[in-house]
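**Q**
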Amino acid sequence: MMDKLEGSMLTRHKLPLWLGLLLLLAVVGLLVPLIYFAVRANSKACVDGLQAQKECQEHNRHLQRQLDQASGEKEAEAATCNRSVVTLRESLKKEQAQVAKFQGELKILNQTLKDALADVERLRRQNENSSKNNASSCSSFLFVVIAVLVLNAPLT
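Numbering (this note's numbering), first residue to last: 6 to 161.
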């Protein structure tokens, strides 16, 4: 029975020993890559790369701020341009309406001028006709006066 007990104890000690060795191997197996990666992570190239990445991110943030600011300015300029276009279109419509009004007035004035010129021409013709009639009346009157004088002349 003692042999059984001793054999059982030996196996009990052997099991934890194998287990300890297995755990030791696992720890060493994990510790070696961990040390390797820690050394690699703290290497100059990795630190420089991390620093370059931080600088790049900061530069990107700075560029994004500049882009946002420029975009805001351009949107404000576009809004100003749009308001100017609306104002100019309204002014153009007013000017076109005023031009149309002036063209209508000019058409009326041109017609009035044509009518006045026609009246002047009509009056000129009447005046010419009247002058011819007056001239013939005058010459008739002169003929009568001369005839009377001539006829009266022998009487004296």
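Yeah, the Cβ is synthetic: ideal placement off N, Cα and C, and Gly gets one too.
Rounded to a whole number of angstroms, what is the C-alpha to C-alpha distance between residue 56 and residue 22?
**A** For residue 56 and residue 22, the distance between alpha carbons rounds to 47 angstroms.
**Q** Who are the Cβ neighbours of residue 135 in its own chain at under 8 angstroms, not counting the five residues just before and after it?
**A** Taken in chain order, the list of residues that qualify is empty.
**Q** If we ignore side chains and look at the alpha-carbon of each, how far apart do residue 108 and residue 128 end up?
**A** Each residue's Cα considered, the two are about 30 angstroms apart.
**Q** Look up residue 169 in the DSSP assignment and say whether it is helix, strand or coil.
**A** Absent from the model: residue 169. The displayed extent of the chain is 6 to 161, so no value can be given.
**Q** Give the straight-line distance between the Cα atoms of residue 89 and residue 114, rounded to the nearest whole angstrom.
**A** Each residue's alpha carbon lies about 37 angstroms from the other.
**Q** Give the straight-line distance between the Cα atoms of residue 103 and residue 111, rounded to the nearest whole angstrom.
**A** Roughly 12 angstroms separates the two Cα atoms.
**Q** May I have the straight-line CA-CA distance separating residue 95 from residue 85, to the nearest angstrom?
**A** Between residue 95 and residue 85, the C-alpha separation is close to 15 angstroms.
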